[in-house]
Amino acid sequence: MNFSDHFSSHASEYAKYRPRYPEALFEYLAAITPERELAWDCGTGNGQVALSLTAYFQQVYGTDASEKQIAEAFGHDRIRYWVTTAERTEIPNSAIDLITVAQALHWFNFDLFYQEVRRVLKPNGVIAVWCYGFFTIPSADEQLNQALAQYYQAVEPFWPAERQLVEQKYQTIPFPFVELTPPSFAMTIEWNVAQVIGYLQTWSATQRFIGQHGIDSIAKMCDRLTNAWGNSQATKLISWPLSLRVGHL
């Protein structure tokens, strides 16, 4: 599976609207990692995970195959970013305490990446991979849920094939490690309808839909979503449950 850069064309918007992972997730990962010298966030994107890891690790590596994503990444004096594929890095052997892959594993060549993991991970190191699918709005009424469902169903055929692995919550991806059973985590944020629409428009599926059908159909679905929302300035709780797999060598 070759790397496909589905995010570079709108990297700054992607960074603006990407939801943030809960601090409890990083507390958990740090707690199960015996040493905290060096973490590697692979497929770092805008560096969100790498930045969170600086609270727990002395140094963090953030790598991504997208130059534009790395250019938008959060700066920190203990993060070293560089552009490289997941499957072949310059990281020394047995150097890494924790490897994280957030919403990116489905782009990788699994066999080659896992070879790299076994090469760079310390004998007592930990690997954690996770993804999230479509969000939920717990307070949504039927009208709002229908508007969201219409949008998702319209753009769903335009997801890259790898998206199916996300929909399957990474359970069908090979994970050749001694697997642990982690707690449940979810991302949550309060957004108004304009922020929800801004987020939806960062989806690669949305961009592909617009490329084929133009903006008018998307605009109509966004209008329906706005009408179903009610007070457009009112915020609602948005939730993305995380599908997390954790293991060690």
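Numbering (my numbering), first residue to last: -15 to 233. From the three backbone atoms N, C-alpha and C, an ideal C-beta is built for every residue, glycine too. It should be emphasised that the depicted structure is a prediction, and the values quoted were computed from it without experimental measurement.
Count the C-beta pairs between the segment 46 to 63 and the segment 25 to 33 that are closer than 8 Å, then say yes if the count reaches three, no if not. yes
Beta bridge counterpart(s) of leucine 228 as assigned by DSSP: Trp114
Between the segment 49 to 61 and the segment 14 to 21, do three or more beta carbon pairs fall short of 8 Å? no
Alpha carbon to alpha carbon, how far is arginine 102 from leucine 233? 7 Å
Three or more beta-carbon pairs under 8 Å between the segment 73 to 91 and the segment 124 to 141, yes or no? no
Nearest-angstrom Cβ-Cβ length linking isoleucine 111 and phenylalanine 161, presumed shorter than 8 Å: 6 Å
Just curious, the alpha helix (DSSP H) that arginine 234 is in, first and last residue? Residue 234 is absent from the structure shown; the chain starts at -15 and stops at 233.
Residue closest to alanine 212, alpha-carbon to alpha-carbon, out of Gln127, Ser201, Phe97, Ser223: Gln127
If you compare alpha carbons, which of Pro122, Ala55, Trp114 is closest to tyrosine 154? Trp114
Quick one: using the 10 Å Cβ neighbour count with 16 as the cut-off for buried, is isoleucine 199 buried or exposed? exposed
Status (buried if at least 16 other CB within 10 Å, exposed otherwise) for leucine 22: buried
Candidates Thr186, Asp95, Asp25: which alpha carbon is nearest proline 3's? Thr186
Rounded to whole angstroms, what's the CA-CA distance from asparagine 215 to leucine 132? Just pull it up for me. 17 Å
Taking the C-alpha atoms as reference points, what is the distance between alanine 203 and serine 188? 16 Å
Going straight from the alpha carbon of asparagine -14 to that of aspartate 95, what length do you get? Bear in mind that the predicted position of asparagine -14 carries a pLDDT of just 38, short of 50, making it unreliable; the figure below should be weighed with that in mind. Their Cα atoms are separated by approximately 13 Å.
The ligand HEM heavy atoms versus the CB of leucine 226: any closer than 6 Å? For the ligand HEM, the structure offers nothing, since it holds no ligand at all.
Would phenylalanine 169 and leucine 221 be called neighbours here (beta carbons separated by less than 7 Å)? no
So serine 223 packs on proline 122, CB below 8 Å; how close in whole Å? 6 Å
Can you check DSSP and say which residues form a bridge with tyrosine 266? Since the first residue shown for the chain is -15 and the last is 233, residue 266 is missing from the structure and cannot be characterised.
For glycine 214, name the three-state secondary structure that DSSP assigns. coil
Going by DSSP in three states, alanine 86 sits in which element: helix, strand or coil? strand
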